[in-house]
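One structure is given here, and the rest of the page talks about it.
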Amino acid sequence: MRKQLIAAAIGAGVALASPAVFAQQDLNFDEYRAMLEDGNPAELYEMEGEELWKTARGPKNATLEQCDLGLGPGVVQGAAAQLPRYFADADKVQDLETRLMYCMEKQQGIDPAEIVNGKFLQGERRQMAALVAYVVGQSKGEKIAVDLSHPKMKEMYALGEQAFYYRTGAMDFACSSCHSQDGKRIRATQLPNITKPEGAAAGWGSWPAYRVSNSQFWTMQHRLWDCFRQQRTAEPIFASDVTIALSVFMAGKGNGAEAQWPGVKR
Amino acid sequence: MNSAFALRSALLSAAIVGLAACGKKEEPAKVEAPAPAVQAPAPVADDLQPKVEEMMLASFKANGIASLDRQKQDAVQKACSSPTQPDAETMKRLEAAEMATIQWPSDGNYTGGDWKEGQKIAASGRGLTWTDKTPDNNGGGCYNCHAMDPNEVSEGTIGVSLEGYAKLRGTSEEVIKYTWGKLWNAKAYNACSDMPRNGYGGILTEAQIRHVMAYLFDPQSPVNQ
Amino acid sequence: MASPMRIRAAAKEGVTEVRVLMSHVMETGQRKDSSGALIPAHFITELTAKHNDKVVLSAEFGPSVSTNPYLAFKFNGGAKGDKVAVTWVDNKGETRTDEVQVS
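Chains as they are written, first to last, in our numbering: chain A, 31 to 296; chain F, 2 to 226; chain E, 738 to 840.
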């Protein structure tokens with residue numbers, strides 16, 4: 031009986047954590063985050079993604095084991111830390127999700143339109159999210175090392191920087207409206223200052239992440255998509271240039287910092 | 002490639018002028034600023050600017066109430082899309098144009114709303130996303146950025162604290178008019194303000210703004226306790 | 738079919754610490770979907786942990802536990818290479834068992 035009580039207390043501890051912490055006047059986020067980190071459910075997605083990577087799927091009934099994420103066919107270890115990058119075979123700058131989509135098409139024959147026109151948390155995008163969890167998990171603790179030397183990377187970085195400051199939509203917001211000052215919050219949510227390397231690394235290096243508040247695993251494409259929703263723009267297209275450009279800008283600015291992905295968020 | 006971008010850019014510029022007049026329905030016609038005597042400092046290299054504008058349009062699609070018109074910038078948005086503000090003269094010119102859009106209450110009733118309604122509007126950050134069914138019934142999202150009721154701990158910090166608003170600033174005609182104007186169109190006072198143009202942008206109705214005014218000015222409102 | 742659990746078990750100075758992440762929706766039965774219909778309850782009701790073949794923890798779970806629950810506990814004994822197995826059963830009668838070796 032006593033053991034039962036202990037287990038119940040542990041289970042309930044997670045659910046009760048937020049009111050206890052937020053009752054304090056000075057919102058203590060670090061303590062809350064530390065409580066979440068030990069049991070990051072993103073690991074469940076990592077396991078699923080690892081399985082999926084090795085599973086033959088799609089019209090070509092093939093695995094992704096020959097997928098080249100930039101470090102050679104099949105090399106997953108450390109690959110995410112160097113993305114986005116310019117890929118000569120696609121003649122494009124690709125982020126992790128765009129690259130996975132490319133591999134799913136080339137190796138497995140899965141139509142990219144299924145992903146681009148799909149919905150987050152559903153269908154092939156759901157599978158993609160598990161693959162993303164697996165791949166970024168293989169760069170946990172690695173330093174962000176994005177190579178900006180290719181002219182197309184340089185251009186994407188510059189476009190991303192401009193997009194970051196681009197005010198538009200029903201409320202005149204740009205990314206910079208919320209992410210260009212230190213120590214600011216929207217409601218209780220802390221906002222990284224992405225104009226500085228530490229802030230860019232904090233933003234780039236903590237997504238993809240598991241969100242405790244809605245029990246969902248969000249990729250960076252998903253994160254950016256919802257940023258734009260709250261910015262009151264039209265809907266960004268999955269893997270479109272603006273998503274890649276902003277990713278290159280954030281990753282490039284965050285270069286050298288350790289990535290703790292997949293993250294865990296409120 | 003470059004010429005294609007230049008052409009699209011020219012088309013886009015034409016579209017922006019058109020948008021200013023017809024893009025926002027059920028709102029007063031936008032007062033276009035006179036052509037600037039001095040151009041604001043170009044935020045980007047000339048060849049990049051058209052590409053950015055092209056990207057900010059081509060990377061998006063319309064969804065529900067969030068149409069592609071939202072991807073086209075008006076004069077204020079365009080001038081305030083870089084880390085540095087335009088020069089003082091440009092700011093003044095933009096602000097004058099925004100000031101002309103403010104609708105003052107016809108009956109002179111600035112603060113006669115219900116502060117309890119105002120509190121709900123201030124607390125709600127809902128509205129105008131592509132998941133919202135209607136462009137009406139929006140929240141003001143005030144708490145996203147401002148402290149208001151001293152007992153509310155979950156408040157944003159991007160904007161200044163508004164705790165004790167009327168207690169600290171008084172209720173002079175000047176303060177009341179400024180506050181109404183700021184709520185209606187914050188860009189009239191600072192062209193590059195982070196604050197949305199609630200009245201001008203059709204985010205809040207005149208009645209809703211009056212409720213928020215009451216929330217700020219009513220001595221019974223928790224803001225002034 | 739239920740997804741696998743993530744289990745880690747580490748022995749140190751005669752005590753084994755076990756950490757378990759379970760993949761489960763833990764639907765309370767109180768929530769409504771977008772059309773207003775009640776989402777049926779679906780949550781883990783019982784959990785058992787065994788060290789080799791001996792039960793070291795048995796717990797009752799309920800709808801107040803979060804989605805994808807995390808559980809950590811310690812038991813006396815255990816050595817590198819021993820087996821730790823965790824089993825849950827939910828209110829629909831579904832069950833899942835996963836096993837690891839103590840490190």
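Idealized CB from N, CA, C, for every residue including glycine.
Legend entry - Test: S760(E) CB closer than 8 Å to a CB of chain A: yes
Legend entry - Unbroken alpha helix (DSSP H) run spanning L808(E), endpoints: Per DSSP, L808(E) belongs to no alpha helix (DSSP H); it is in the beta strand (DSSP E), Y807 to N813.
Legend entry - Assigned secondary structure, V703(E) (DSSP; H/G/I helix, E/B strand, else coil): Because chain E here runs from 738 to 840, residue 703(E) falls outside it and cannot be looked at.
Inset, instruction - Could you pull the start and end residues of the beta strand (DSSP E) that I710(E) belongs to? - result: Any question about residue 710(E) goes unanswered here, given that chain E covers just 738 to 840.
Legend entry - Interface positions of the segment 249 to 260 of chain A facing chain F (Cβ-Cβ less than 9 Å), listed along the chain: F258, R259 and Q260
Legend entry - 9 Å Cβ cut-off: residues of chain E touching D68(A): Those are R756, Y807 and A809, listed as they occur along chain E.
Inset, instruction - Determine which residues share a DSSP beta bridge with D835(E) and list them. - result: V823(E)
Inset, instruction - Examine chain A for any beta-carbon lying closer than 8 Å to the beta-carbon of R833(E), and answer yes or no. - result: no
Legend entry - Per-residue DSSP class, three states only, for A208(F): helix
Legend entry - CB contact flag (N186(F), Y201(F), <8 Å): yes
Inset, instruction - Determine the contact status of E96(A) and G104(A), defining contact as a CB-CB distance below 8 Å. - result: Inspection of the sequence shows that residue 96(A) is occupied by Gln rather than by Glu. The answer is yes: Cβ separation under 8 Å.
Inset, instruction - Can you grab the Cα-Cα spacing for the pair R743(E) / V757(E), in whole Å? - result: Their Cα atoms are separated by approximately 6 Å.
Inset, instruction - Would you identify the three-state DSSP class for Y201(F), choosing helix, strand or coil? - result: Y201(F) falls in the coil class under three-state DSSP.
Legend entry - Limits of the beta strand (DSSP E) - the one that A200(A) falls within: A200(A) -> no beta strand (DSSP E), and no H or E assigned at all.
Legend entry - Chain-ordered chain E contacts of L74(A) [CB-CB under 7 Å]: S740, R743, L758, S760 and N805
Inset, instruction - Give the DSSP-derived three-state secondary structure of D770(E) in the structure shown. - result: In this structure, D770(E) counts as coil in the three-state DSSP scheme.
Inset, instruction - Note the first and the last residue of the continuous beta strand (DSSP E) segment covering T219(A). - result: T219 to L221
Inset, instruction - Can you pull the chain A residues whose beta carbon is under 8 Å from the beta carbon of T130(F), in chain order? - result: R259, Q260 and R262
Legend entry - M134(A): contacting residues in chain E (beta-carbon distance under 9 Å): Correct list: empty, because the minimum Cβ distance to chain E is about 21 Å.
Inset, instruction - Identify which residue in A64(A), F203(A) and Q137(A) has its Cα closest to the Cα of T130(F). - result: F203(A)
Inset, instruction - Examine chain F for any beta-carbon lying closer than 8 Å to the beta-carbon of E144(A), and answer yes or no. - result: no
Legend entry - Reference Q157(A), options S210(A), Q220(A), G88(A) and K173(A), closest by Cα: G88(A) is the residue among S210(A), Q220(A), G88(A) and K173(A) whose C-alpha sits nearest the C-alpha of Q157(A).
Legend entry - According to DSSP, residues forming a beta bridge with S795(E): BP columns for S795(E) point to T785(E).
Legend entry - Against chain F: residues of the segment 189 to 205 of chain A by CB proximity under 7 Å: L189, Q192, A193, Y195, Y196, R197, T198, G199, A200, M201, D202 and A204
Legend entry - Close beta carbons around Y196(A), own chain, < 7 Å, minus the five adjacent residues each side: A204, listed in sequence order.
Inset, instruction - Evaluate Q261(A) with the Cβ neighbour count: other Cβ atoms within 10 Å of its Cβ, from every protein chain shown; 16 or more gives buried, anything less gives exposed. - result: buried
Inset, instruction - Would you identify the three-state DSSP class for I159(F), choosing helix, strand or coil? - result: coil
Legend entry - Neighbour-count burial assignment, G229(A), 16 or more Cβ in a 10 Å radius: buried
Inset, instruction - Check the Cβ of Q74(F) against every Cβ in chain A and list those closer than 8 Å, keeping chain order. - result: For Q74(F), the neighbours in chain A by C-beta distance under 8 Å run, in chain order, Y196, R197 and T198.
Inset, instruction - Could you confirm whether any beta carbon from chain E is found closer than 8 Å to the beta carbon of M280(A)? - result: no
Inset, instruction - Would you tell me roughly how many angstroms separate the C-alpha atoms of T824(E) and E80(A), rounded to the nearest one? - result: 23 Å
Legend entry - Closest by C-alpha distance to G199(A), when choosing among K52(F), L49(F) and K79(F): Comparing Cα positions, the closest option is K79(F).
Legend entry - Nearest residue (CA-CA) to A786(E), options F780(E), P777(E) and E797(E): E797(E)
Legend entry - Within chain F, the residues that K214(A) reaches when beta carbons sit closer than 8 Å: Ordered by position in chain F, the residues that pass the 8 Å Cβ test against K214(A) are G157, T158 and I159.
Inset, instruction - Using a Cβ-Cβ cut-off of 8 Å, state whether S245(A) counts as contacting chain E. - result: yes
Inset, instruction - Could you tell me if V123(A) is buried or exposed, where buried requires 16 or more neighbouring beta carbons within 10 angstroms of its beta carbon? - result: So V123(A) ends up on the buried side.
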